[in-house]
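Each residue of the sequence shown is one higher than the one before, starting from 583 at the first, in the working numbering. Each residue gets a CB set at the ideal place from its N, CA and C atoms; glycine is no exception. First the structure, in the form of structure tokens, and then the observations on it.
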Amino acid sequence: RQVGKPAKLALIAVARKLLTVLNAMMRDRKPYLKAGPQ
583 RQVGKPAKLA
593 LIAVARKLLT
603 VLNAMMRDRK
613 PYLKAGPQ
């Protein structure tokens, strides 16, 4: 498959973002609050 690399990069970016959010939640001991419309 020719488009394999960009898909993997996107997956890694999403996983990294999720890990950052989870790490902040654990650090601050706060639940996840879904952001509403700005």
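What is the DSSP secondary structure of residue 617, counted as helix, strand or coil?
It is coil, neither helix nor strand.
Do residue 608 and residue 614 come within 8 angstroms of each other at the CB atom, strictly closer than that value?
No, these two residues do not count as a Cβ contact at 8 angstroms.
Straight-line Cα distance separating residue 590 from residue 611
Those two C-alpha atoms are separated by around 31 angstroms.
Cα-Cα separation, residue 588 to residue 597
Computed Cα separation, rounded: 14 angstroms.
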